[in-house]
């Protein structure tokens, strides 16, 4: 989660012949690194990423997202990321419920980062229509099943959690084929959560040796690699029988992203 306008998170991908089994075991954990895992919940999200025709946001290392959850929509800007350690990123993040004021805050932040977008004549319409009127287009549209657990200090009742343990199953597609990517994230809440993030990440790696691996790429970047490989000649080798990314797929995705 965010610290003000900062997001600090550790990302571990599931690399297994049976990734859904790893997902179930990770989501069922009750404790991690001496902390309790509480308040189990499952969300279904639709994330739609937008960019200009010439991919100005991508070139500026920014990502603009509309997140649809139920009837609600949130607008998110991610930018200025740096890798703290393998798989752990610290980046700027603004995430707000959709409104004209929220859009202006995001657009103003982009102005400061060197990417100026035209302001819509009417910012009160449907979010997708407003962004299209600003010259933006959809560059990725994906579905996510998210399982969330709060990371809580022993004996801490009713206080702010240190972090969230997030287990995501993400569906990417090219219109004809679909591939499922699975990952486990630990998202820090505030400075106290950031201070124990490495410990929590290391505890997950110890609990799932060889099944979890640090991953430096965002979901958007990963999806870009998946889409390119699904369109290639060896697309069948990318996924297993249930449509999950095969363990060897991540090396190919990483190589593609290194060239992109």
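In our numbering, the protein residues as written are 78 to 337. Where is the CB? At the ideal position from N, CA and C, for every residue including glycine.
Contacting residues, own chain, Cβ-Cβ under 7 Å from residue i (five flanking each side not counted)
| i | result |
| --- | --- |
| residue 244 | 100, 103, 104, 224 and 261 |
| residue 254 | 307 and 312 |
| residue 305 | 333 |
| residue 331 | none |
| residue 219 | 124, 247, 248, 249 and 300 |
| residue 184 | 194 and 196 |
Residue i - DSSP class collapsed to helix/strand/coil
| i | result |
| --- | --- |
| residue 322 | strand |
| residue 336 | helix |
| residue 288 | coil |
| residue 275 | helix |
| residue 165 | strand |
| residue 218 | strand |
| residue 311 | coil |
| residue 197 | coil |
| residue 149 | strand |
| residue 328 | helix |
| residue 159 | strand |
| residue 239 | coil |
In DSSP terms, what residue i is bridged to
| i | result |
| --- | --- |
| residue 108 | 113 |
| residue 250 | 255 |
| residue 88 | 262 |
| residue 141 | 127 and 154 |
| residue 171 | 154 |
| residue 245 | 223 and 260 |
| residue 316 | 322 |
Rounded Cβ spacing between residue i and residue j (contact assumed at less than 8 Å)
| i | j | result |
| --- | --- | --- |
| residue 212 | residue 187 | Contact flag wrong, Cβ pair sits at about 12 Å. |
| residue 127 | residue 182 | That belief does not hold up - the Cβ atoms of residue 127 and residue 182 are roughly 16 Å apart, past 8 Å. |
| residue 173 | residue 138 | No, residue 173 and residue 138 are not in contact; Cβ-Cβ is about 21 Å, not under 8 Å. |
| residue 85 | residue 274 | 6 Å |
| residue 242 | residue 263 | 6 Å |
| residue 197 | residue 175 | No, residue 197 and residue 175 are not in contact; Cβ-Cβ is about 13 Å, not under 8 Å. |
| residue 299 | residue 258 | 6 Å |
| residue 221 | residue 122 | 4 Å |
| residue 201 | residue 177 | 6 Å |
| residue 87 | residue 278 | 4 Å |
Cβ neighbours of residue i in the same chain (closer than 8 Å, five flanking residues each side left out)
| i | result |
| --- | --- |
| residue 229 | 112, 113, 114, 115, 236, 238 and 239 |
| residue 133 | 192 |
| residue 163 | 291 and 293 |
| residue 276 | 110 |
| residue 327 | 90, 92, 290 and 292 |
Residue i classed as buried or exposed, judged by whether at least 16 other C-beta atoms fall within 10 angstroms
| i | result |
| --- | --- |
| residue 124 | buried |
| residue 286 | exposed |
| residue 168 | buried |
| residue 271 | buried |
| residue 180 | buried |
| residue 94 | exposed |
| residue 199 | exposed |
| residue 265 | buried |
Other residues of its chain near residue i: CB distance less than 6 Å, five sequence neighbours each side excluded
| i | result |
| --- | --- |
| residue 232 | none |
| residue 106 | 114 |
| residue 321 | 96 and 257 |
| residue 324 | 92 |
| residue 118 | 225 |
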